[in-house]
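J.:
Number of protein chains: 4
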Amino acid sequence: MTASTFAVRREDRLARFMRIRRQTLALCAGLSAEDLMVQSMPDASPGKWHMAHPTWFFELFVLGHDPAYRPPNPEWHYQFNSYYQSVGPMHARPQRGLLSRPSLEEVRDYRARVDEAVGELIERGIDDELAARIELGLQHEQQHQELLLTDLKHAFWSQPLHPVYREAVAAVAASPSVPMRFLPGREGAVEIGHRGREHFAYDNETPRHRTWLSPHALANRLITNSEYLAFVRDGGYRDPGLWLSDGWATVQHEQWQRPLYWQEDLATEFTLSGLRELDPQAPVCHISYFEADAFARWAGARLPTEAEWEDAAASLRAIGNFQESQQFHPRAATGGEGLQQMYGDVWEWTASPYVSYPGFKPLPGALGEYNGKFMNGQWVLRGGSCATPQDHIRASYRNFFPPHARWQFAGIRLGQDR
Amino acid sequence: MTASTFAVRREDRLARFMRIRRQTLALCAGLSAEDLMVQSMPDASPGKWHMAHPTWFFELFVLGHDPAYRPPNPEWHYQFNSYYQSVGPMHARPQRGLLSRPSLEEVRDYRARVDEAVGELIERGIDDELAARIELGLQHEQQHQELLLTDLKHAFWSQPLHPVYREAVAAVAASPSVPMRFLPGREGAVEIGHRGREHFAYDNETPRHRTWLSPHALANRLITNSEYLAFVRDGGYRDPGLWLSDGWATVQHEQWQRPLYWQEDLATEFTLSGLRELDPQAPVCHISYFEADAFARWAGARLPTEAEWEDAAASLRAIGNFQESQQFHPRAATGGEGLQQMYGDVWEWTASPYVSYPGFKPLPGALGEYNGKFMNGQWVLRGGSCATPQDHIRASYRNFFPPHARWQFAGIRLGQDR
Amino acid sequence: MTASTFAVRREDRLARFMRIRRQTLALCAGLSAEDLMVQSMPDASPGKWHMAHPTWFFELFVLGHDPAYRPPNPEWHYQFNSYYQSVGPMHARPQRGLLSRPSLEEVRDYRARVDEAVGELIERGIDDELAARIELGLQHEQQHQELLLTDLKHAFWSQPLHPVYREAVAAVAASPSVPMRFLPGREGAVEIGHRGREHFAYDNETPRHRTWLSPHALANRLITNSEYLAFVRDGGYRDPGLWLSDGWATVQHEQWQRPLYWQEDLATEFTLSGLRELDPQAPVCHISYFEADAFARWAGARLPTEAEWEDAAASLRAIGNFQESQQFHPRAATGGEGLQQMYGDVWEWTASPYVSYPGFKPLPGALGEYNGKFMNGQWVLRGGSCATPQDHIRASYRNFFPPHARWQFAGIRLGQDR
Amino acid sequence: MTASTFAVRREDRLARFMRIRRQTLALCAGLSAEDLMVQSMPDASPGKWHMAHPTWFFELFVLGHDPAYRPPNPEWHYQFNSYYQSVGPMHARPQRGLLSRPSLEEVRDYRARVDEAVGELIERGIDDELAARIELGLQHEQQHQELLLTDLKHAFWSQPLHPVYREAVAAVAASPSVPMRFLPGREGAVEIGHRGREHFAYDNETPRHRTWLSPHALANRLITNSEYLAFVRDGGYRDPGLWLSDGWATVQHEQWQRPLYWQEDLATEFTLSGLRELDPQAPVCHISYFEADAFARWAGARLPTEAEWEDAAASLRAIGNFQESQQFHPRAATGGEGLQQMYGDVWEWTASPYVSYPGFKPLPGALGEYNGKFMNGQWVLRGGSCATPQDHIRASYRNFFPPHARWQFAGIRLGQDR
């Protein structure tokens, strides 16, 4: 984010604010207060928390200097802070599922009150700094929309009754198979990173800088369930030679034998539409870095680097199967020339550890706790998923998760040296 | 429980069934679906689970052979079984807080359906075996009423907002101090254990048998907050010489410095009426066995054995500050001759490990999994608490918890050798 | 131990001191400094530590007031204290295996220097208090002799090469089977506990007191490998109904399927003479309380209480297969009238939790940390084992271990109600 | 390593083999069998194991096809394998300290026998493949020489008596302070990685390839104890804003307050010569990546990338304070033009996660388990330390450790963007 910017008209800014904030509520439609309270593992948070925390973010970073604003309850600060050490102590992350108070109704009221206050602020007119903070808050809200979906999927999967979130639109399609081809990328010095100050970007996408691409190629599409099944059936989960040392330790400790939501029959998977037949041509999903890396080794290939990915993606339009399609599940490639499925469907694990770009400067103050402090032990993912809002994604966007994480919509695109 | 028994008229039986079942709902009045879903530690269960599990018990053990009965959802069996290995696998105990489904409304309907079916069964007339099973189910329901309260207290205390369950009836009283005296008990061979087949008892209270009492005396009343405070201030939590080895390890590991719900100021405690001033004359509460034992050593005394307690209690009426008083908190002794506060207020830790009586026979089948299999590593408590229904308690009643457990309403009566 | 005592002649006292101290060295003969340094689990200690710690005990509690005595190194106090909180901080128990310094040679010298100083003290003549402390030190030394053997067995078993400690004297015998019979015990009020002040006893064996025995009988001999094998083959380790709840959790968590040192073939076991064929008629050994209790339930019997055991043992001579036989392994019963194998071979688990006797008073000061502070979560064992020195045992002797402990020579005698 | 190579004369090869193998024994001189058996944490191994494991490596990978060679004990394979999954199961790493057998004497004999057999093989003449395997074995031996020293330091520090390994040659010097300056590095496309096939390199140093350097500078010398002390005194260990999120969690969980071997007085440190006064001008040592990164942030700088480091180091001679100086401790910079202390003293943490170079190919078969499989969650260190043999190091050498590791001789050189 750069602090001056964004020539946006006042009405547009207000409409955008309201649209994104309303989308969170739309995603919660049909869920009970109980559904929105489940925390099924320390890495996940309850839906109610995903509703409250971005609201707290607006309260703290946007309304904080508005003398007219009265918080409904100042004690809520403590429990809706996530990890901002510089703004005070916080409720322990693994205990977010214990918060029966405030109730869902109170959290809805909280959202409404904050929305009203921010709306008035926008209408009165705001400076660039505040505009930038609101935009950061909206981007942040969108991230929590995605997490709300992935955490809910895990919460529903953890329950014996395996509830359905949204009925599937249609039966599993008999998609045709799209042959995999490797398409060569550019070589030599290229530039990556966010360009210009016109559009929003996180600090970790900057500065734009030169890097060197070695000869390489990228697969034209994502790895399918059917291809991954071949890996499983070939004993992929039983051969230590295919795995990183930490990966093999995880396979053994967690007794991994297949992707997170696949059932033991290797023919059914849990989706946000409940248990469904596995579509052989749909992209494999809910894969850890360890699994993506092992699969690539088994396939005689490797994962792309983030620079390879970004250089290839920069010239493509960021369209695909996003949250807006309301499928909440990746779907099969349809064929065509060039690179397919680069955006949407599943996040693509890259071979790049998540570190700073040369010349990286975090945002000042508490906002700087956003990205930089997580630059250890994580790997970069690119391209967004079927749970990501479409306008949240761009070629330079860097997502990151630890190598054992499986509950995100993450999959595999292969790369290779040339 | 003995399988034939209990000359009870049909109407009385029905009324008793309905009264006890309704009491569970009364305890939940004012609590939201969210409040009833919190599981704040593995030892505790959500209120919704306490509503569902005893219902499942009636469904399985009473309605199981009723061909007319249709369970609302057979899959619920799995998640509402507690620890009955012989009737099938069960949902992991620490994950009861994840169950957003069935909803609170569905659980209320489940209760209503089971109540209706059992009610019809009773009205049609039942044999002694079924009568005994219903009675066991009601006793079981009452145990879960108490746990619902203790688990809710822990759940509310675990939340930053420290909600109030029931407003306190009155301010903390300035009670007069009642002097402690030791009253001698009987010596020699005495009989303890449940007598006769007329009234209900758990299998672990039987058979009635002889045991030998050495010369001893019991304190006339419970240890007060003010007395326990003297122990704290005297460095009780810092002197390893006062503690069992396991107790000292627990003090250090858990960093205990005072009773569970006391605040750091040693003047305030968390109650089911929220944070309140400590009443110096009220019995100290939420004490582990380790603490009770260390306090007794500090005081130059010891805890009573369960035989000493039962022999003394057998001649007293089982009245006191029970759940029915709706205080949900122990209250100060009022003075008088003889043993005070033997029933109600707080469970009294004894110096007796929880083991079987000579000649003990567990109930046959799954019902035998009720008591005997827990006879390891726990200590007996006697007398019931302010969270126990009054008609649930008798002189021979044996409660048991591990020595580190603090979230029950448990306190201290001293004994001594003579 | 009682502080005045023991009309023993000076020479005898010296000879006894030297004999018992030398026996520790004799047990270490043939072991390398490396063998004596292994700590294979937190509950076990290295042999070198077992050589040094009882020496420290003499240094602290006997030589502590001898102005002529100079400790070789005062810093050793810290690392050779076991659990005496009142005499200062101590080296963490699980880290005893890290102590390469002092070396084995230095520890031998330490022993020699302390032996000489104590010997001179005895020769000069000592008062009753000191005599009692020396006797306590020798009893303590004998306990560590047994632990040295059991810990070494575990240490050797933990190594891939499974070393031999002492070559077996003879091949596994084809012992005849001795039929099991239940012999009735006494009923009514009996006295147990250590009698009189003439002979040594630990504080936990006192005071002698009355207790009540219900009608019962004891098996004439120990349970054999062959009988235990039938339990294993009958699915004993797979049926939760046979186990205490904590026991079943341990079976699953530790994946127990047979006694500790039995091999997977159920025909071989690891002994201090290496891997050997299982003797069907020898007593089963290295059994936890959980296993003993489950076996008894499977057999339709129960374990004896410690009072039943002691009352029966009091009239028998304390002879049997002890450390002195140098077999370091239990052996088959040889038949005969009355109770067999009550002393030696294996410690017998009882159905009695380890708690104090009525009127129990621990020794004053640091010596009082010896027994009383462990009275939680453990069960009493009786009779000594093939690793116990014969003159260390008496009818009133109370050993205790937690219910999951398997590395001691512990086995099963059945009891039953009548 | 590249499989053909290395025009070395036969005599030289033999001399080199014997010299390096003998150096391991020289490092063990004066250590007892007990000292060489300590394993003070799972990440460390006993000295005896460091003597045996590289020997096993020669046995397996060099003598494996020599029909004349007879292993002293084939069962040792199991316990001296480190992590080569493809050659069979292995003894659990955290239990290496339990191996009293084989004895130190047997391990010395084992070394002698293997040395003799390899020596004969070399004398008979060997092909390039075998020469390459021997060279890999020697490099591997040298790595374990360094680990032997770092693990021994931790083992001695873990003991209350804090033994001395080698007496210090001289008192702590009053070194003059050398001012820190930033020297600019090259910009643009540069080549890094091992060049040519003439000299040995690990597979992870290849292939040589282009990368892009952004404008930057490197500090002329290492960070000193005195500079690090200023960070400590400024509250460096109490300010979460200075730390990576994982780093801060580690600081809190491990209660870090200073470098690993510094005493609480901040004036003394544990060294291989025992407790010594801290030399203010000597390089700070036994620093984790988390600490190096936090210090750099506090200092307004950053760590160098490995490419920046290598490009700068490539033109310098690899001389410095290595194992050969027998100081076993870093020493103060002496001043001078250009980059100082690039080689030896302490390993320098870089800002580069340990990943493969573009086009990386691991060695085939079991030897390929050497480096590639650890490419997750670790950071690269460069330059060698006072515990590293001098001829083991080169500009392209990549060492790697997880970010919390502190027991290596690792320190800090700052870098900065320009």
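Protein chains in written order, with the UniProt record's numbering: chain R, 1 to 418; chain E, 1 to 418; chain B, 1 to 418; chain X, 1 to 418. No residue lacks a Cβ here, since even glycine has one placed at the ideal position from N, Cα and C.
Who are the neighbours of Q85/E on chain B, taking C-beta pairs under 8 Å?
T.: P240, G241 and W248
J.: Within 10 angstroms of its Cβ, does R233/E collect 16 or more other Cβ (buried), or is it exposed?
T.: exposed
J.: Which of the three DSSP states, helix, strand or coil, is assigned to I192/R?
T.: strand
J.: Going by beta-carbon coordinates alone, are F322/R and G384/R separated by less than 9 Å?
T.: yes
J.: First and last residue of the alpha helix (DSSP H) that includes A296/B?
T.: Y289 to W298
J.: Please classify D293/E: is it buried, with 16 or more other beta-carbons within 10 angstroms of its beta-carbon, or exposed?
T.: Counting Cβ neighbours within 10 Å, D293/E comes out buried, since at least 16 surround it.
J.: Using a cut-off of 9 Å between C-beta atoms, extract the partners of Q79/R located in chain E.
T.: Q159, P160 and L161
J.: Within 10 Å of its beta-carbon, does A387/E have 16 or more other beta-carbons around it, so buried, or fewer, so exposed?
T.: buried
J.: Closest to H144/R by CA distance: which of S82/R, H194/R, E129/R and V169/R is it?
T.: S82/R
J.: Using DSSP bridges, identify the partner residues of R276/R.
T.: E269/R
J.: Using a Cβ cut-off of 9 Å (strictly closer), state whether A353/R contacts chain X.
T.: Residue 353/R is actually Pro in this sequence, not Ala. At least one chain X Cβ lies under 9 Å of P353/R.
J.: So F17/R packs on I134/R, CB below 8 Å; how close in whole Å?
T.: Correct: roughly 7 Å between the Cβ atoms.
J.: Tell me which residues of the UniProt domain "DinB-like" (19-137) of chain X have at least one Cβ-Cβ distance to chain R shorter than 9 Å, keeping chain order.
T.: Y83, Q85 and S86
J.: Starting from the C-beta of A333/B, find all residues in its chain whose C-beta is less than 6 Å away, skip the five residues before and the five after it, and write them out in chain order.
T.: V178, R221, Q340 and Q341
J.: Please look up how many angstroms separate the CB atoms of W379/E and F360/E, rounded, as I've assumed it's under 8 Å.
T.: Their Cβ separation, rounded to whole angstroms, is 18 Å, which puts W379/E and F360/E out of contact at 8 Å.
J.: Since I believe G193/B is in contact with S40/B (beta carbons under 8 Å), could you give me their beta-carbon distance rounded to a whole number of angstroms?
T.: Incorrect: roughly 36 Å between the Cβ atoms, too far for contact.
J.: Taking A301/E as the reference, which of L218/E, F328/E, S175/E and H65/E has the closest Cα?
T.: L218/E
J.: For S4/R, which residues from the same chain have a beta carbon less than 6 Å from its beta carbon, with the 5 sequence-adjacent residues on both sides left out?
T.: Bear in mind that a pLDDT of 38 at S4/R, under 50, signals an unreliable position, so the number given afterwards is only what the model happens to contain. The residues are D128.
J.: Would you decide whether V169/B is buried or exposed? Buried here means 16 or more other CB atoms lie within 10 Å of its CB.
T.: exposed
J.: Going along the chain, which unbroken runs of the beta strand (DSSP E) with 3 or more residues stay wholly within the UniProt domain "Sulfatase-modifying factor enzyme-like" (336-414) of chain X?
T.: 347-353, 379-382 and 399-401
J.: Note down the Cα distance separating L98/R from V38/E, rounded to an integer number of angstroms.
T.: Taken atom to atom, the span from the alpha-carbon of L98/R to that of V38/E is near 5 Å.
J.: Under 9 Å, Cβ to Cβ, is there at least one residue of chain X near S356/R?
T.: yes
J.: Helix or strand or just coil, what does DSSP make of P184/B?
T.: The three-state reading of DSSP puts P184/B in strand, counting E and B together.
J.: Nearest to L275/E by CA position, among S288/E, Y261/E and D35/E, is which residue?
T.: Y261/E
J.: Quick one: give me the first and last residue of the beta strand (DSSP E) that T211/X is part of.
T.: H209 to L213
J.: What is the residue span of the alpha helix (DSSP H) that H216/X lies within?
T.: Looking at the DSSP string, H216/X is not in any alpha helix (DSSP H); the run it does join, the beta strand (DSSP E), is H216 to A219.
J.: Following the continuous alpha helix (DSSP H) through L152/R, name the residue where it begins and the one where it ends.
T.: D128 to W157
J.: At 9 Å on the CB atoms, spell out the chain B contacts of P304/E, in chain order.
T.: Near P304/E there are no residues of chain B at all, since even the closest Cβ is about 11 Å away, more than 9 Å.
J.: Just to confirm my understanding: we take E187/B, look at its own chain, exclude 5 residues before and 5 after, and list those with CB closer than 6 Å. What are they?
T.: L213 and P215
J.: Report yes or no: do three or more beta-carbon pairs, one from the segment 82-91 of chain R and one from the segment 368-375 of chain R, lie closer than 8 Å?
T.: Touching, yes, given that three or more Cβ pairs across the two stretches are closer than 8 Å.
J.: Excluding the 5 residues flanking A117/B on each side, which residues of the same chain have their C-beta closer than 8 Å to its C-beta?
T.: Result list for A117/B: L63, D66, A68 and Y69, in chain order.
J.: Would you decide whether R13/B is buried or exposed? Buried here means 16 or more other CB atoms lie within 10 Å of its CB.
T.: buried
J.: Might you give, ordered along the chain, the residues of its own chain that have their beta carbon closer than 7 Å to the beta carbon of S158/R, omitting 5 neighbours on each side?
T.: S40
J.: Between the segment 189-205 of chain R and chain X, which residues of the former have a C-beta closer than 7 Å to a C-beta of the latter?
T.: A189
J.: Could you check where the alpha helix (DSSP H) with G64/B kicks off and where it finishes?
T.: Where G64/B is concerned, there is no enclosing alpha helix (DSSP H), given that its DSSP letter is neither H nor E.
J.: I want to verify the contact list: residues of chain E whose CB lies under 8 Å from the CB of A155/R, in sequence order.
T.: L98 and S100
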